[in-house]
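These protein sequence lines map, in sequence, to chains L and D.
When we follow the numbering used here, the leftmost residue of the first sequence carries the number 1, and every step to the right adds one.
When we follow the numbering used here, the leftmost residue of the second sequence carries the number 1, and every step to the right adds one.
Right, one structure below, let's go through it.
There are 2 protein chains.
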Amino acid sequence: MTSSVNTRAVLVSRPVGLPLPEHFRVEQVPRAEPGDGEVLVEVHYIDVQPAMRGWLAERPAYTPPIELGATMRAQGVGRVLVSRHAAWREGDYALGGNFGVQRFSVQRGEELTRVDPELAPLQQYVGALGSSGLTGYFGMLEVGQAKPGDVVVVSSAAGAVGSVAGQLGKILGCRVVGIAGGPEKCAYLVDELGLDAAIDYKAREPYRAIQELCPEGIDVYFDNVGGDLLDAAMLHLRPRARVVISGMISQYNNTAPSVGARFYGMLLVRHARMEGFLVRDYAAQFPTARKVLAQWLKEGRIKTREQILPGVESFPAALPMLFDGRSFGKLMICATAQ
Amino acid sequence: MTSSVNTRAVLVSRPVGLPLPEHFRVEQVPRAEPGDGEVLVEVHYIDVQPAMRGWLAERPAYTPPIELGATMRAQGVGRVLVSRHAAWREGDYALGGNFGVQRFSVQRGEELTRVDPELAPLQQYVGALGSSGLTGYFGMLEVGQAKPGDVVVVSSAAGAVGSVAGQLGKILGCRVVGIAGGPEKCAYLVDELGLDAAIDYKAREPYRAIQELCPEGIDVYFDNVGGDLLDAAMLHLRPRARVVISGMISQYNNTAPSVGARFYGMLLVRHARMEGFLVRDYAAQFPTARKVLAQWLKEGRIKTREQILPGVESFPAALPMLFDGRSFGKLMICATAQ
Numbered sequence: 001m002t003s004s005v006n007t008r009a010v011l012v013s014r015p016v017g018l019p020l021p022e023h024f025r026v027e028q029v030p031r032a033e034p035g036d037g038e039v040l041v042e043v044h045y046i047d048v049q050p051a052m053r054g055w056l057a058e059r060p061a062y063t064p065p066i067e068l069g070a071t072m073r074a075q076g077v078g079r080v081l082v083s084r085h086a087a088w089r090e091g092d093y094a095l096g097g098n099f100g101v102q103r104f105s106v107q108r109g110e111e112l113t114r115v116d117p118e119l120a121p122l123q124q125y126v127g128a129l130g131s132s133g134l135t136g137y138f139g140m141l142e143v144g145q146a147k148p149g150d151v152v153v154v155s156s157a158a159g160a161v162g163s164v165a166g167q168l169g170k171i172l173g174c175r176v177v178g179i180a181g182g183p184e185k186c187a188y189l190v191d192e193l194g195l196d197a198a199i200d201y202k203a204r205e206p207y208r209a210i211q212e213l214c215p216e217g218i219d220v221y222f223d224n225v226g227g228d229l230l231d232a233a234m235l236h237l238r239p240r241a242r243v244v245i246s247g248m249i250s251q252y253n254n255t256a257p258s259v260g261a262r263f264y265g266m267l268l269v270r271h272a273r274m275e276g277f278l279v280r281d282y283a284a285q286f287p288t289a290r291k292v293l294a295q296w297l298k299e300g301r302i303k304t305r306e307q308i309l310p311g312v313e314s315f316p317a318a319l320p321m322l323f324d325g326r327s328f329g330k331l332m333i334c335a336t337a338q
Numbered sequence: 001m002t003s004s005v006n007t008r009a010v011l012v013s014r015p016v017g018l019p020l021p022e023h024f025r026v027e028q029v030p031r032a033e034p035g036d037g038e039v040l041v042e043v044h045y046i047d048v049q050p051a052m053r054g055w056l057a058e059r060p061a062y063t064p065p066i067e068l069g070a071t072m073r074a075q076g077v078g079r080v081l082v083s084r085h086a087a088w089r090e091g092d093y094a095l096g097g098n099f100g101v102q103r104f105s106v107q108r109g110e111e112l113t114r115v116d117p118e119l120a121p122l123q124q125y126v127g128a129l130g131s132s133g134l135t136g137y138f139g140m141l142e143v144g145q146a147k148p149g150d151v152v153v154v155s156s157a158a159g160a161v162g163s164v165a166g167q168l169g170k171i172l173g174c175r176v177v178g179i180a181g182g183p184e185k186c187a188y189l190v191d192e193l194g195l196d197a198a199i200d201y202k203a204r205e206p207y208r209a210i211q212e213l214c215p216e217g218i219d220v221y222f223d224n225v226g227g228d229l230l231d232a233a234m235l236h237l238r239p240r241a242r243v244v245i246s247g248m249i250s251q252y253n254n255t256a257p258s259v260g261a262r263f264y265g266m267l268l269v270r271h272a273r274m275e276g277f278l279v280r281d282y283a284a285q286f287p288t289a290r291k292v293l294a295q296w297l298k299e300g301r302i303k304t305r306e307q308i309l310p311g312v313e314s315f316p317a318a319l320p321m322l323f324d325g326r327s328f329g330k331l332m333i334c335a336t337a338q
């Protein structure tokens, strides 16, 4: 028998700067029951991703802010326990854009996406087949327009988005240089993921490192970081280069005004393009992309690394790990684990 | 009989900050004679444009720096006096990418472009049919991809580039708002050029002015300025907006590090694109573009305003006018005038 108690993480105050455990409270509340057209889902894996920082701000961005006292928003994957929607049955697996950081979630049936657990392990649906992996995929293919022979540089390349972007670059026939923090992550990029080279931004000045590793410049810079790494890459753009703005994690916790793209003037002299995107812009293509990525996962052409923390209770301490370099691989919570 | 003396402006020192008359010397030297394959041109009109500032720096950019003591580089239009090249005859009119700021210029015949003085008045070849006008044309059409119904904002809209960009926006069926400094230029934008509205950046805070005049946001921002105007426009981008980086005149004379695109993060949330270009990227299309623009000039659909200074001697004082708002319309020198 399933518990009638739901465990959830709620936002109790808005961070100024880095999000800390104290900004959340984990509480137990009665489990909601699904109404007509709704489905009760037991959440298995909860995505923990840098974009969450933006959702905590009071100012609306591309999504409305999370209200104080509300369940923290999160993508997740789980199993249907009770269905009052014609399309879903008990035992089905589903992906939800907003299951929330909680053990059980009640959702409108039409807001769920069917998951095939035969295609890939369930946790991949919040990783390589979830918004992180899809961001790497569409960012590199559609926004970056990476082509064989291109020189590609990826920042935060050991992360959930960057690792898919970088490996996709290799599949496409590019020379790929990844940027990450620390020797362990850099070794992973080259030895495990098969990138051509890695730059440890904690150990090397990024401008000089790029100059040495990409002496003829960069065709695609896939950026998750912003700040100094973006500056260094911009100064090495080749003609007709594409700068993919996937994220800017170095700026999310700023309390002072953000550092911008200081050398955007390079776009002019190199006839280059800087383009941002949100992965949901490509939602119509998600089913196909998931099939392609799942196939590559099976073939070992795309490798992933997960960092799975047990239980909803682990969320408040998990989020800060994304911003101080402690996370390595796709950070997620296994809500069914104790 | 033509003079055997050439008058030219040479660079004598490199400006730090604003270029001043003292950075140039106007001198008289014996006129060079054309060798085999060369042509002697009497220069009629000399283009004075903001990009010249970049050419004065010691650091190479997209063109090599001008050497100290060398003739100042400039686009120009003139008449062939002596030809030792099969394609040219005395009396032909020609456009040269580097006639220089001088009365007479000797050039390789293959480096000149034929000019049809019947198509448009000669001075238009350094204005609307020269690199300024072509920058407005290709920037709006090819980089900005302006479409009917788009909301277009153009900075430095009364200038040589911006005025063509803005009027082209109107021809394409866009709503066009121009930004310029002072009531006279703003009246010109609306009353003469037919733009929908104008913002006097000296009198109004640009963020609020854009918000008021473009309440639903901007589809194409055609930027010649950078800095605060770019910031204000970026904050109003609509989804899939295009930011055309044509110039950044507010930053050319910086002695401190340039202000970048501070709000480039808007590219991400709006899936927008920022793209730079140099007009020479479209050189293969210049002949067609000149015909189109000349036709619109004849029909009065594109209007121009010229500020023509007499004689090569006027160059050292002319260049600073581009940076302090004193120029209004296309700044050029009539080298044949005294």
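Where is the CB? At the ideal position from N, CA and C, for every residue including glycine.
Keep in mind the model is a prediction, meaning the values are calculated, not measured.
Option nearest residue 228 of chain D by Cα separation, candidates D:263, D:196, D:240 and D:195: Here residue 228 of chain D corresponds to residue number 228 of the second sequence, with the count starting at 1. Ranking D:263, D:196, D:240 and D:195 by Cα distance to residue 228 of chain D puts D:263 first.
The alpha helix (DSSP H) enclosing residue 49 of chain D, as first and last residue numbers: Indexing the second sequence from 1 puts residue 49 of chain D at position 49. First-last for residue 49 of chain D: undefined, no H or E at that position.
Amino acids of chain D, ordered along the chain, whose beta-carbon sits closer than 9 Å to that of residue 103 of chain L: Mapped onto the first sequence, residue 103 of chain L falls at position 103. Counting only Cβ-Cβ distances below 9 Å, residue 103 of chain L has no contacts in chain D at all, with the closest Cβ about 31 Å away.
Beta-bridge partners of residue 250 of chain D, as assigned by DSSP: Here residue 250 of chain D refers to the residue found at position 250 when the second sequence is read from its first residue. As DSSP reads the structure, residue 250 of chain D sits in no beta bridge.
Opening and closing residue of the alpha helix (DSSP H) in which residue 323 of chain D lies: In the second sequence, residue 323 of chain D corresponds to position 323, counting from 1. Residue 323 of chain D -> no alpha helix (DSSP H), and no H or E assigned at all.
Spatial distance of residue 166 of chain D from residue 136 of chain D (CA atoms): Residue mapping note: residue 166 of chain D aligns to position 166 of the second sequence, counting from 1. Residue mapping note: residue 136 of chain D aligns to position 136 of the second sequence, counting from 1. When rounded, the distance between both Cα atoms is 8 Å.
Any chain D beta carbon closer than 8 Å to residue 261 of chain L: Walking along the first sequence from the start, residue 261 of chain L turns up at place 261. It does: the Cβ of residue 261 of chain L has a partner Cβ on chain D nearer than 8 Å.
Residue 38 of chain L, DSSP secondary structure in three states: As a first step, residue 38 of chain L is located in the first sequence; it is residue number 38 there, counting from the start. In the structure shown, the three-state DSSP call for residue 38 of chain L is strand.
Of the residues L:241, L:247 and L:232, the one placed nearest residue 271 of chain D, counting alpha carbons only: In the second sequence, the residue the question calls residue 271 of chain D occupies position 271. Among L:241, L:247 and L:232, the Cα nearest to that of residue 271 of chain D is on L:247.
Where the alpha helix (DSSP H) through residue 232 of chain D begins and ends: Within the second sequence, numbered from 1, the residue matching residue 232 of chain D stands at position 232. Segment 227-234, the alpha helix (DSSP H) holding residue 232 of chain D.
Short-range partners of chain D found in the stretch 55-76 of chain L, where Cβ spacing is below 9 Å: Within the stretch 55-76 of chain L, the residues whose Cβ lies closer than 9 Å to some Cβ of chain D are 61 and 62, listed in chain order.
Contacting residues, own chain, Cβ-Cβ under 8 Å from residue 323 of chain L (five flanking each side not counted): In the first sequence, residue 323 of chain L corresponds to position 323, counting from 1. So the list reads 18, 19, 50, 53, 249, 252 and 253, once near-sequence residues are dropped.
Cα-Cα separation, residue 133 of chain D to residue 316 of chain D: What you label residue 133 of chain D is simply residue 133 of the second sequence in a count that begins at 1. What you label residue 316 of chain D is simply residue 316 of the second sequence in a count that begins at 1. Across the structure, residue 133 of chain D and residue 316 of chain D are spaced so that their CA atoms are roughly 23 Å apart.
Three-state secondary structure (DSSP) of residue 101 of chain D: Taking the first residue of the second sequence as position 1, residue 101 of chain D is located at position 101. Coil at residue 101 of chain D, not helix or strand.
Residues near residue 106 of chain L in its chain [Cβ-Cβ closer than 6 Å; skip 5 each side]: For the purposes of this step, residue 106 of chain L is identified with residue 106 of the first sequence, where counting begins at 1. Closer than 6 Å at the Cβ level, and outside the excluded window around residue 106 of chain L, lie 32, 34, 38 and 40.
Residue closest to residue 158 of chain D, alpha-carbon to alpha-carbon, out of D:128, D:182 and D:189: Your numbering for residue 158 of chain D matches position 158 in the second sequence. Of D:128, D:182 and D:189, the residue nearest in Cα terms is D:189.
Candidates L:151, L:55, L:240 and L:170, of which the one nearest residue 211 of chain L by Cα: Taking the first residue of the first sequence as position 1, residue 211 of chain L is located at position 211. Checked all of L:151, L:55, L:240 and L:170; the closest Cα to residue 211 of chain L is L:151.
Residue closest to residue 332 of chain D, alpha-carbon to alpha-carbon, out of D:223, D:74 and D:22: Counted from its first residue, the second sequence places residue 332 of chain D at position 332. The candidate whose alpha carbon is nearest that of residue 332 of chain D is D:74.
Nearest neighbour of residue 234 of chain D, chosen from L:218, L:261 and L:213 [CA to CA]: For the purposes of this step, residue 234 of chain D is identified with residue 234 of the second sequence, where counting begins at 1. For the residues L:218, L:261 and L:213, the minimum Cα distance to residue 234 of chain D belongs to L:261.
CB-CB length for residue 23 of chain D against residue 5 of chain D, believed under 8 Å: Within the second sequence, the letter at position 23 stands for residue 23 of chain D. Within the second sequence, the letter at position 5 stands for residue 5 of chain D. Contact between residue 23 of chain D and residue 5 of chain D is absent: CB atoms are separated by about 23 Å, not below the 8 Å threshold.
Exposure of residue 255 of chain L, with buried meaning 16 or more beta-carbon neighbours within 10 Å: For the purposes of this step, residue 255 of chain L is taken as the residue at position 255 of the first sequence. Per the 10 Å Cβ criterion, exposed.
Span separating the alpha-carbon of residue 343 of chain D from that of residue 244 of chain D: Missing from the structure shown is residue 343 of chain D; chain D here goes from 1 to 338 and no further.
Rounded straight-line distance, which links the Cα of residue 138 of chain L to that of residue 181 of chain L: Here residue 181 of chain L is taken as the residue at index 181 of the first sequence, counted from 1. Here residue 138 of chain L is taken as the residue at index 138 of the first sequence, counted from 1. Whole-angstrom Cα-Cα distance: 24 Å.
Cβ contact (3+ pairs, closer than 8 Å) linking the stretch 296-313 of chain D and the stretch 272-283 of chain D: The stretch 296-313 of chain D, when compared against the stretch 272-283 of chain D, does not touch it at the 8 Å Cβ threshold.
CB contact below 8 Å: residue 14 of chain L versus chain D: Residue numbering aside, residue 14 of chain L sits at position 14 when the first sequence is read from its first letter. Chain D, which has no Cβ nearer than 8 Å to the Cβ of residue 14 of chain L, makes this no.
Secondary structure of residue 305 of chain D, DSSP reduced to three states: By 1-based counting over the second sequence, the position of residue 305 of chain D is 305. Three-state result, residue 305 of chain D: coil.
Closest by C-alpha distance to residue 328 of chain D, when choosing among D:312, D:335 and D:306: One-based indexing of the second sequence puts residue 328 of chain D at position 328. Ranking D:312, D:335 and D:306 by Cα distance to residue 328 of chain D puts D:306 first.
Host beta strand (DSSP E) of residue 154 of chain D (start-end): Taking the first residue of the second sequence as position 1, residue 154 of chain D is located at position 154. Element bounds for residue 154 of chain D: 151-154.
For residue 193 of chain L and residue 163 of chain L, believed in contact at Cβ under 8 Å, the rounded distance: On the first sequence, position 163 is the one that residue 163 of chain L refers to. On the first sequence, position 193 is the one that residue 193 of chain L refers to. About 6 Å; that satisfies the 8 Å criterion.
Chain L contacts made by the stretch 271-298 of chain D, where a contact means CB separation under 7 Å: 271, 272, 273, 274, 275, 276, 277, 278 and 281
Among D:43, D:238, D:70 and D:184, nearest to residue 55 of chain D - alpha-carbon criterion: Here residue 55 of chain D refers to the residue found at position 55 when the second sequence is read from its first residue. Of the candidates D:43, D:238, D:70 and D:184, the one whose C-alpha sits nearest the C-alpha of residue 55 of chain D is D:70.
Same chain, Cβ closer than 7 Å to residue 15 of chain L, five either side skipped, listed in chain order: The residue you call residue 15 of chain L lines up with position 15 of the first sequence. Taken in chain order, the residues that qualify are 23 and 56.
Buried versus exposed, by CB contacts within 10 Å (16 or more), residue 185 of chain L: For the purposes of this step, residue 185 of chain L is identified with residue 185 of the first sequence, where counting begins at 1. So residue 185 of chain L counts as buried.
Cα-Cα separation, residue 312 of chain D to residue 109 of chain D: The residue labelled residue 312 of chain D in the question sits at position 312 within the second sequence. The residue labelled residue 109 of chain D in the question sits at position 109 within the second sequence. Answer to the nearest angstrom: the Cα atoms are 23 Å apart.
Beta carbon proximity, residue 257 of chain D to chain L, threshold 8 Å: The residue you call residue 257 of chain D lines up with position 257 of the second sequence. Residue 257 of chain D counts as touching chain L.
Residue 218 of chain D versus D:144, D:104 and D:205, residue with shortest Cα-Cα distance: The count along the second sequence starts at 1 and reaches residue 218 of chain D at position 218. When only C-alpha atoms are compared, the closest one is D:144.
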